[in-house]
Structure formats: structure tokens, C-alpha cells
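Trainee: Per my numbering, the sequence shown runs over residues 12 to 376.
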Amino acid sequence: MTTAYFNHAGLARTHPNVTARVRAAEAEFSGLLYSEAGVPWYLANLAAARRAAATLLGVDGAGGISLNSNASSGVNLALSVLGARLGTGDLVVTSDQEHPCVELPLRTLARMRGVEVVALAADSPTAFVAAMGAMLARRPAMVILSQVSYKNGRMLPVEEIGAMLADREIPYIVDGAQALGQLRVDVPATRAWAYIFSGHKWLGGPIGTGGLWTSDQFVRRNNSILTIWNEPDAPPDGGRFECGTMNAGLVAGLGEACHTALTALDDRIAAFTRMRMRVTAAIDPIWRNATTLWDGPSAPAMVSYLMPPGTHSWEVAAEMLARHDVAVKPFRPAERVDAIRISFSPLTTDDELERLLSAVADYAA
């Protein structure tokens, strides 16, 4: 029996059409490699994937798109470029909802460059915007926020924050790893200087894919050597921050995943919403839904539950896997809070949902 899998927010099952595209591209390119025919094929494959990502992100053209191995790489690149100008006493603002791939580089910035990092906590979008407004009096040197919290699916007001920061020309990074493929994304509306995305989460793309979009403002701030394009204008086909040869099959698979998400996004969101309603109707009476801590919108394909006193998420997850072959995401220290996260996929079946609900009911009994 296949594991009933509910950690697609961490690593999703690859869509069958994506797998087929990866294999076909690998087979085709293996006969060409860097021959006179292979190089144009390889470059066209990259350009097509960047265009597909740009369309899904809602940006005009692929010039700002760079592909890499995951969202963490994109976050580190963006923070390295913008963080290179920071020094002692500079203020970086983030939220208490960030993934370790954001938190850890920020700690490094604080240690190495003496910057102050403030993580805002709020229980509603209105309160979050107000808290950011209070921070603006101190003139932050940079802001980085997740569009969707990896912890519980809460949707931060990244567009409202972007408008506030744009008026003051404050560098702004949006981590969209939990958004693209789960929500309809409009990067220009965020006013971000850099927007990060993952290929192997909600897109259902091949493992080891992701990327980022960067604005002209971001590029003008770049005085690092993290680039393969030295012209002031964006490269017409993108790829400014790509370094070296990439796997042709994975690149083709990412492009296919973007195409699939774009054509099926409305149906996908509707299916996510139905699955979430089914899960919450059954589990909310058993465990406290973490969305009760947030008076605002939440993403449709993920829900987290706070563990009661004396119960630890990692113990619950281990028992559910051992007894029912059901996989959920536990939050272990130093992650906070003690909770389990359940996330779905367009490939999630009714049987998997039934096994999940039975496993939770059995544990609670």
C-alpha cells in the first residue's frame, strides 16, 4: 500500500506529465549534449522554462527569471546581494512565520554585519500592516516576508506591505515558496524587488527545482559577482543569476509543471478548498486549528493543528506513520509551535483522505 502522504508543502509528489517530460527531455538531450545542435537545444529549453515561470508569476517577460535548485538557494542569493550593503545598526524586518531558510541567513547577517533583525508578530493582516507602519519610522534597510506561512498557511499582506515600502524605496524580498501553484500569484502587485519560488512543492515539479524573479532595482543594488550577465539591461531570455550547466530534464520538467499549474489553477484551488473543508470538519473537534490564531485569509491546501499539552507533534507523526502509513509534517524544536501540518496535492485521493481522518481519530481515541 502506498503511503497516504500529506506533506506536499515540504516536497510534493511529481505530476505524471512532469515525470514524462523530464524523461523525454533527458533522452533527447543525451544524444545531443554540447554539440553544435545540442547547445541551441539546451539554451532553448532553459528559455522556455523561464517563460513558463514568468507567465505563472504574472511578470512581463522572462528577463528577470533565474532558475536554480530550490527556494532556499533563491532566498540565500537574494539576501546575499541585498545584505552585502548592510552594516552595524541597519534594521531588517521580517515576520515570525518564516522558514528556517530565511531565519538562518538573517541570523548570519546579524552576527557577521551587526544588523538588527526584528520579526513582527500579529494576529491579523490589519495588525501586521500597523506593526510594519511602526517599523517604517526607523527606516528599515530591508524587508523579507513569506507570502504564505509554511507553518500554518496564513497569508501575509505582502501587497499592502509592498505598497508601503515602494513609496520609500526600501528593498523587499517575498518568499513565495508556499504560494506559487497553491494560489494565483501576481508578482508586480507585491512591488517586490525579488520574488522566490519553489518547483517541487505546489507546482508538483521535479525535486531540485526552483528559482527567483528579480527587478531592475534589485539588479542595480547588485555589486556581488553572483551573476553571469554583466550588462545593465536584463538578459532577454533571463538567467542573470544562474551559474553553470543545469540538468536539462529537470529544467524541462519545471517548465511543464508551470504550464500544468497555469492551465489547471482554478480547478486546483477549488479541489484544495473542498479537501480542506473535509479535513477541518473532521479534525477541528479533536485538535485546535492553528488558523484560529489568525483573523485573516489562509491558503487552501494546508492546515496545521496545535498539539494539546503533553502531546508532541513528532510523536503523533511517528505513530500515524507506523500504525496507519499516513505521513504528516511535525514541527520539532527549534521550529515553533508544537503542531502538525497537513497539506494536500491535486494528486491526493479520497482513499488517502479517509486514511488520514481514520489515523487522527484512532490516535485521539
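Each residue gets a CB set at the ideal place from its N, CA and C atoms; glycine is no exception.
1. Helix, strand or coil for residue 161, going by three-state DSSP, please let me know.
2. Can you grab the Cα-Cα spacing for the pair residue 344 / residue 177, in whole Å?
3. Using only the alpha-carbon positions, how far apart do residue 306 and residue 252 sit?
4. Could you give the distance in angstroms between the alpha-carbon of residue 455 and the alpha-carbon of residue 90?
5. In the DSSP assignment, find the unbroken beta strand (DSSP E) run with residue 336 in it and report its ends.
6. Per DSSP, residue 104 forms a beta bridge with which residues?
7. Starting from residue 205, follow the beta strand (DSSP E) in both directions and report where the run begins and ends.
8. For residue 149, which of helix, strand or coil comes out of DSSP?
9. Considering only the alpha carbon of each residue, which of 265, 168 and 56 lies closest to residue 30?
10. Does DSSP put residue 172 in a helix, in a strand, or in coil?
11. From residue 102 to residue 167, what does the alpha carbon distance come to, in whole angstroms?
12. Give a yes or no on whether the minimum CB-CB distance between residue 369 and chain B is below 9 Å.
13. Report buried or exposed for residue 149, applying the criterion of at least 16 other Cβ atoms within 10 angstroms of its Cβ.
14. Would you be able to state if there are at least three C-beta pairs under 8 Å between the stretch 69 to 80 and the stretch 286 to 306?
15. Do you know whose CA, among 35, 43 and 54, lies nearest residue 255's CA?
16. Which value, in whole angstroms, describes the spacing of the CA atoms of residue 387 and residue 219?
17. Rounding to the nearest angstrom, what Cα-Cα distance links residue 338 and residue 33 in this structure?
18. If you check the beta carbons only, do residue 351 and residue 313 fall under 9 Å apart?
19. Pick out whichever of 209, 56 and 247 has its Cα sitting closest to the Cα of residue 185.
20. For residue 16, which residues from the same chain have a beta carbon less than 6 Å from its beta carbon, with the 5 sequence-adjacent residues on both sides left out?
21. Under the three-state reduction of DSSP, which class applies to residue 45: helix, strand or coil?
22. Answer yes or no: do residue 173 and residue 67 have a C-beta to C-beta separation smaller than 9 Å?
23. Who are the Cβ neighbours of residue 65 in its own chain at under 7 Å, not counting the five residues just before and after it?
24. With residue 19 and residue 355 assumed to form a contact (beta carbons below 8 Å), what rounded beta-carbon distance in angstroms separates them?
25. Decide if residue 316 is buried, meaning its Cβ has at least 16 other Cβ atoms within 10 Å, or exposed.
26. Give the DSSP bridge partners of residue 251, in chain order.
27. Please list the terminal residues of the continuous beta strand (DSSP E) segment that includes residue 257.
28. Measuring alpha carbon to alpha carbon, tell me which residue in 23, 370, 109 and 36 is nearest residue 59.
29. Please name the residue or residues paired with residue 314 in a DSSP beta bridge.
30. Quick one: Cα of residue 198 to Cα of residue 69, how far?
31. Can you round the beta-carbon distance between residue 112 and residue 83 to whole angstroms, since I take them to be within the 8 Å contact cut?
32. Would residue 147 pass as a contact of residue 311 if the rule is Cβ separation under 9 Å?
33. Would you kindly work out how many angstroms separate the C-alpha atoms of residue 181 and residue 275, rounded to a whole number?
34. Which whole runs of the beta strand (DSSP E) in the stretch 180 to 241 are 3 residues long or more, in chain order?
35. Indicate the three-state DSSP secondary structure (helix, strand or coil) for residue 24 in the structure shown.
36. If you run the structure through DSSP and keep just helix, strand and coil, what is residue 81?
Mentor: In short:
1. Here residue 161 refers to the residue found at position 150 when the sequence shown is read from its first residue. In the three-state reduction of the DSSP assignment, residue 161 falls in the coil class.
2. In the sequence shown, the residue the question calls residue 344 occupies position 333. In the sequence shown, the residue the question calls residue 177 occupies position 166. If I take the Cα positions, the gap works out to 36 Å.
3. Stepping through the sequence shown from its first residue, residue 306 is reached at position 295. Stepping through the sequence shown from its first residue, residue 252 is reached at position 241. When rounded, the distance between both Cα atoms is 38 Å.
4. The chain is shown only over 12 to 376; residue 455 falls outside these bounds and no answer can be derived.
5. Sequence index remark: in the sequence shown, residue 336 carries index 325 (1-based). It is not in any beta strand (DSSP E) - residue 336 carries neither H nor E in the DSSP assignment.
6. Here the question's residue 104 lines up with position 93 in the sequence shown. DSSP, once it has assigned bridges, lists 129 and 154 as partnering residue 104.
7. For the purposes of this step, residue 205 is identified with residue 194 of the sequence shown, where counting begins at 1. First-last of the beta strand (DSSP E) with residue 205: 205 to 209.
8. As a first step, residue 149 is located in the sequence shown; it is residue number 138 there, counting from the start. In the structure shown, the three-state DSSP call for residue 149 is coil.
9. Numbered from 1 along the sequence shown, position 19 holds the residue referred to as residue 30. Measuring from the Cα of residue 30, the nearest candidate turns out to be 265.
10. Stepping through the sequence shown from its first residue, residue 172 is reached at position 161. Helix.
11. The residue you call residue 102 lines up with position 91 of the sequence shown. The residue you call residue 167 lines up with position 156 of the sequence shown. In this model, residue 102 and residue 167 are separated by some 20 Å (Cα to Cα).
12. Looking at the structure shown, chain B is missing, and only one protein chain is on hand.
13. Here the question's residue 149 lines up with position 138 in the sequence shown. Exposed, because fewer than 16 other Cβ atoms sit within 10 Å of the Cβ of residue 149.
14. No contact exists between the stretch 286 to 306 and the stretch 69 to 80.
15. The sequence position of residue 255 within the sequence shown is 244, counting from 1. When the alpha-carbon of residue 255 is set against those of 35, 43 and 54, the nearest one is in 54.
16. Past the boundaries of the shown model lies residue 387; the chain is included only from 12 to 376, so the question cannot be answered.
17. Reading the sequence shown from its first residue, position 327 is the one you call residue 338. Reading the sequence shown from its first residue, position 22 is the one you call residue 33. Cα-Cα distance, rounded: 26 Å.
18. Within the sequence shown, residue 351 is the residue found at index 340, counting from 1. Within the sequence shown, residue 313 is the residue found at index 302, counting from 1. No.
19. Here residue 185 corresponds to residue number 174 of the sequence shown, with the count starting at 1. Among 209, 56 and 247, the Cα nearest to that of residue 185 belongs to 209.
20. Against the sequence shown, residue 16 aligns to sequence position 5. Leaving aside the five residues that flank residue 16 on each side, the residues in its chain whose CB is nearer than 6 Å to its CB run, in chain order, 338.
21. As a first step, residue 45 must be located in the sequence shown, where it is residue number 34. Residue state, collapsed to three classes: coil.
22. Translated into positions along the sequence shown, residue 173 becomes position 162. Translated into positions along the sequence shown, residue 67 becomes position 56. Judged by beta-carbon spacing, residue 67 lies beyond the 9 Å limit of residue 173, meaning their Cβ atoms are not closer than that value.
23. For this step, residue 65 is matched to residue 54 along the sequence shown. Within its own chain, the residues whose Cβ lies closer than 7 Å to the Cβ of residue 65, once the five positions on either side in sequence are excluded, are 72, 73 and 76, listed in chain order.
24. Counting from one through the sequence shown, the residue named residue 19 turns up at place 8. Counting from one through the sequence shown, the residue named residue 355 turns up at place 344. About 6 Å separates the two Cβ atoms, so the contact holds.
25. Residue 316 sits at position 305 when you count from the first residue of the sequence shown. The residue in question, residue 316, is buried, as its Cβ has 16 or more Cβ neighbours within 10 Å.
26. Translated into the one-based positions of the sequence shown, residue 251 becomes position 240. According to DSSP, residue 251 bridges with nothing at all.
27. Reading the sequence shown from its first residue, position 246 is the one you call residue 257. Per DSSP, residue 257 belongs to no beta strand (DSSP E) and is neither H nor E.
28. Within the sequence shown, the letter at position 48 stands for residue 59. Of 23, 370, 109 and 36, the residue nearest in Cα terms is 36.
29. Within the sequence shown, the letter at position 303 stands for residue 314. According to DSSP, residue 314 bridges with 353.
30. By one-based count along the sequence shown, residue 198 stands at place 187. By one-based count along the sequence shown, residue 69 stands at place 58. Distance between the alpha carbons of residue 198 and residue 69: 6 Å.
31. On the sequence shown, residue 112 is found 101 positions in, with the first residue counted as 1. On the sequence shown, residue 83 is found 72 positions in, with the first residue counted as 1. About 4 Å separates the two Cβ atoms, so the contact holds.
32. Start at 1 with the first residue of the sequence shown, and residue 147 comes out as number 136. Start at 1 with the first residue of the sequence shown, and residue 311 comes out as number 300. No. Outside cutoff.
33. Residue 181 sits at position 170 when you count from the first residue of the sequence shown. Residue 275 sits at position 264 when you count from the first residue of the sequence shown. The alpha-carbon atoms of residue 181 and residue 275 are separated by roughly 35 Å.
34. When DSSP assignments are scanned along the stretch 180 to 241, the uninterrupted stretches of beta strand (DSSP E) that are 3 or more residues long and fall wholly within it turn out to be 183 to 186, 205 to 209 and 221 to 225.
35. Here residue 24 refers to the residue found at position 13 when the sequence shown is read from its first residue. DSSP places residue 24 in the coil class of the three-state scheme, outside both helix and strand.
36. Indexing the sequence shown from 1 puts residue 81 at position 70. Secondary structure of residue 81 (DSSP, three-state): coil.
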